[in-house]
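Everything below concerns the one structure shown next.
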Ligand SMILES: Cc1cc2nc3c(=O)[nH]c(=O)nc-3n(C[C@H](O)[C@H](O)[C@H](O)COP(=O)(O)OP(=O)(O)OC[C@H]3O[C@@H](n4cnc5c(N)ncnc54)[C@H](O)[C@@H]3O)c2cc1C
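Residue numbers (the UniProt record's numbering), protein chains in the order written: chain A, 1 to 391; chain B, 1 to 246.
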């Protein structure tokens with residue numbers, strides 16, 4: 001079915017965006033409607049990432065939009081980054097995930113903590129999609145508590161020797177490089193770039209996901225991998241390194257989730273106006289109107305919250321607590337809207353004729369990765385009380 | 001080839017149409033404007049393709065006030081080299097055509113490419129008027145154009161078929177579907193558009209030859225009447241007496 005999505009902007013938020021931002025967003029939307037919407041259900045069903053769209057994603061600035069021009073990026077604002085992520089997730093959270101990982105989890109740390117040589121070597125190729133990256137933080141036994149990770153490296157002349165394993169890594173099966181977080185000999189967390197082809201490095205795919213099926217997820221296995229010392233990020237030590245990447249990605253997810261919510265709402269609103277039961281469109285029943293009215297209210301609240309967060313981030317003032325609040329609120333909002341919207345479509349809601357069930361299933365990953373729903377609440381709790389309730 | 005392409009705005013196809021000023025004016029408030037698709041997808045893209053194949057330049061021309069600048073920027077993002085805006089409200093076809101013709105005459109183009117019509121007014125008048133004022137050949141509704149030196153072979157859509165013509169530059173052409181394929185601006189194009197020149201030019205005197213008396217919406221669609229497939233007689237009767245089509 002042709003993608004007839006229309007964006008919803010109840011509070012005229014578009015007036016805050018420049019003509020150029022809107023052109024970037026709308027061009028991406030047009031491209032996605034033509035090239036990605038028609039194939040996404042199929043790839044989702046087959047549990048495959050459509051690799052052929054990588055170049056288009058790069059052409060539309062989805063890989064590192066805020067990376068400065070000297071490193072091959074367009075040097076755009078955080079709000080623009082958000083708008084692009086919103087469009088991507090409107091189509092599929094898996095597609096947005098690939099772009100989030102590439103931008104916030106791979107390009108961002110290289111840009112912030114990498115050496116000049118690393119930036120020159122990797123960033124331009126990552127921006128064009130010629131090179132794809134992944135981000136290894138989570139381990140089989142260390143998810144919400146990455147600080148307890150066991151992956152580690154030891155010095156060996158002009159190399160380090162990396163050992164350990166990462167799990168749940170988006171893009172891993174086809175990534176050319178991995179930004180890996182591991183402990184050095186002083187037990188400090190440090191990042192390093194591992195390249196495909198290095199001996200002892202493997203990336204088996206994880207199968208059997210009921211969610212985020214159009215995104216490839218895998219493990220990273222390191223058996224005495226010899227990594228040149230120049231691949232280690234000397235610019236940052238400690239958990240703050242990976243956490244700053246997560247902040248950037250979570251910020252993008254806050255925007256992305258609005259996209260998924262809008263797509264569900266749009267499908268439900270149209271369906272409710274067209275579907276007739278008891279001689280009337282189902283949109284004329286109060287129970288259905290309540291659902292739709294609450295959906296647009298929640299979407300509008302999320303849009304205002306997230307735009308303000310974008311402003312703060314552009315000014316370099318957004319705190320991790322503020323980002324957590326938006327990620328948590330928006331993903332939960334989108335998931336609830338997905339569930340309600342699915343019901344409005346009755347039986348049709350569970351089919352792949354409509355995007356809702358796919359969004360719903362995808363959002364179950366989104367509400368878990370990049371800090372679970374619970375963990376973000378603990379972050380807010382700690383922020384307002386000053387008391388750590390994690391341990 | 002030195003190419004001039006006409007670019008105008010048109011409301012997004014999902015716009016809810018309303019009128020103001022005693023139904024004499026289209027109400028633009030809250031309307032999302034796009035580049036008129038015949039201008040963008042066909043005239044502009046074909047112009048850019050010709051430039052890419054054999055060099056030259058593509059300049060866009062728009063008659064309008066400042067509010068059309070975003071539309072012009074999009075045309076630049078698609079790949080035009082520079083743009084001209086004639087600073088005047090585009091009220092009627094003759095006024096618009098006079099502005100375009102005057103600018104084109106002064107700046108010597110090999111071809112002036114326009115869309116076959118705008119999707120809101122469907123007037124199809126500007127191209128013919130531009131050609132007439134400039135005293136150049138006019139090829140309307142063109143769906144294909146090949147170039148060999150300064151000779152163009154052009155296919156036109158005509159009722160029930162196609163007509164193939166040859167014409168030498170300079171000429172004026174209005175483009176229809178088939179002339180080229182839509183190009184979606186990419187990030188590089190959008191960023192490059194920032195620094196491309198958009199020249200604002202004062203209009204020349206040109207009267208408006210027409211005046212809008214009123215606009216009206218089409219009548220609302222009536223209910224569908226379902227006829228049993230067995231009951232052909234009733235269908236014929238309804239088509240004859242109610243719908244009055246047979
Ligand atoms: C599809 C997908 C893609 C992913 N991609 C990546 C990737 O690219 N890179 C990467 O590094 N990781 C990735 N992840 C991993 C993801 O970040 C983790 O799944 C997430 O951090 C949660 O860790 P866990 O699954 O081990 O759950 P756990 O940490 O075991 O949590 C289980 C439950 O316990 C709760 N819990 C944990 N600690 C506390 C506490 N202190 N107080 C209260 N409740 C608590 C959690 O909220 C959760 O509900 C991905 C995950 C998925 C599903």
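Cβ atoms here follow ideal geometry from the backbone N, Cα and C, with glycine treated the same way.
Could you tell me if residue i is buried or exposed, where buried requires 16 or more neighbouring beta carbons within 10 angstroms of its beta carbon?
i, result
"residue 103 of chain A", "buried"
"residue 8 of chain B", "buried"
"residue 72 of chain A", "buried"
"residue 49 of chain A", "buried"
"residue 214 of chain B", "exposed"
"residue 67 of chain A", "buried"
"residue 259 of chain B", "In the structure displayed, chain B extends from 1 to 246; residue 259 of chain B sits before or after that span and is not available."
"residue 77 of chain B", "buried"
"residue 236 of chain B", "exposed"
"residue 153 of chain A", "buried"
"residue 157 of chain A", "exposed"
"residue 186 of chain A", "exposed"
"residue 330 of chain A", "buried"
"residue 262 of chain A", "buried"
Could you round the C-beta distance between residue i and residue j to whole angstroms and report it? I think they count as a contact, below 8 Å.
i, j, result
"residue 166 of chain A", "residue 139 of chain A", "6 Å"
"residue 98 of chain B", "residue 206 of chain B", "3 Å"
"residue 54 of chain A", "residue 169 of chain A", "That pair is no contact at about 17 Å."
"residue 30 of chain A", "residue 184 of chain B", "5 Å"
"residue 137 of chain B", "residue 94 of chain B", "That pair is no contact at about 20 Å."
"residue 268 of chain A", "residue 344 of chain A", "4 Å"
Quick check: is the beta carbon of residue i nearer than 9 Å to any beta carbon in chain B?
i, result
"residue 60 of chain A", "yes"
"residue 27 of chain A", "yes"
"residue 23 of chain A", "yes"
"residue 111 of chain A", "no"
"residue 19 of chain A", "yes"
"residue 74 of chain A", "yes"
"residue 255 of chain A", "no"
"residue 38 of chain A", "no"
"residue 392 of chain A", "Within the shown structure, residues of chain A are numbered from 1 to 391, placing residue 392 of chain A beyond reach of any answer."
"residue 34 of chain A", "yes"
"residue 50 of chain A", "no"
"residue 65 of chain A", "yes"
"residue 6 of chain A", "yes"
Considering just the uninterrupted stretch of the alpha helix (DSSP H) at residue i, what are its terminal residues?
i, result
"residue 113 of chain A", "108 to 113"
"residue 264 of chain A", "240 to 274"
"residue 111 of chain B", "Segment 111 to 115 is the beta strand (DSSP E) holding residue 111 of chain B; no alpha helix (DSSP H) there."
"residue 74 of chain A", "Element bounds for residue 74 of chain A: n/a, residue is neither H nor E."
"residue 310 of chain A", "286 to 314"
So does residue i have its beta carbon nearer than 8 Å to some heavy atom of ligand 1?
i, result
"residue 240 of chain A", "no"
"residue 293 of chain A", "no"
"residue 390 of chain A", "yes"
"residue 171 of chain A", "yes"
"residue 44 of chain A", "no"
"residue 162 of chain A", "no"
"residue 147 of chain A", "no"
"residue 207 of chain A", "no"
"residue 370 of chain A", "yes"
"residue 136 of chain A", "yes"
"residue 236 of chain A", "no"
"residue 217 of chain A", "yes"
"residue 197 of chain A", "no"
"residue 374 of chain A", "yes"
"residue 327 of chain A", "no"
"residue 210 of chain A", "no"
"residue 101 of chain A", "yes"
For chain E, is any of its Cβ atoms less than 9 Å away from the one on residue i?
i, result
"residue 14 of chain B", "Considering every chain present, this structure includes no chain E. Its protein chains are A and B."
Kindly say whether residue i, judged by its beta-carbon, lies nearer than 9 Å to any beta-carbon of chain A.
i, result
"residue 186 of chain B", "yes"
"residue 194 of chain B", "yes"
"residue 190 of chain B", "yes"
"residue 77 of chain B", "yes"
"residue 70 of chain B", "yes"
"residue 177 of chain B", "no"
"residue 73 of chain B", "yes"
Starting from residue i, trace the beta strand (DSSP E) in both directions and tell me its first and last residue.
i, result
"residue 155 of chain A", "152 to 156"
"residue 190 of chain A", "189 to 195"
"residue 221 of chain A", "217 to 228"
"residue 33 of chain B", "33 to 35"
"residue 170 of chain A", "159 to 170"
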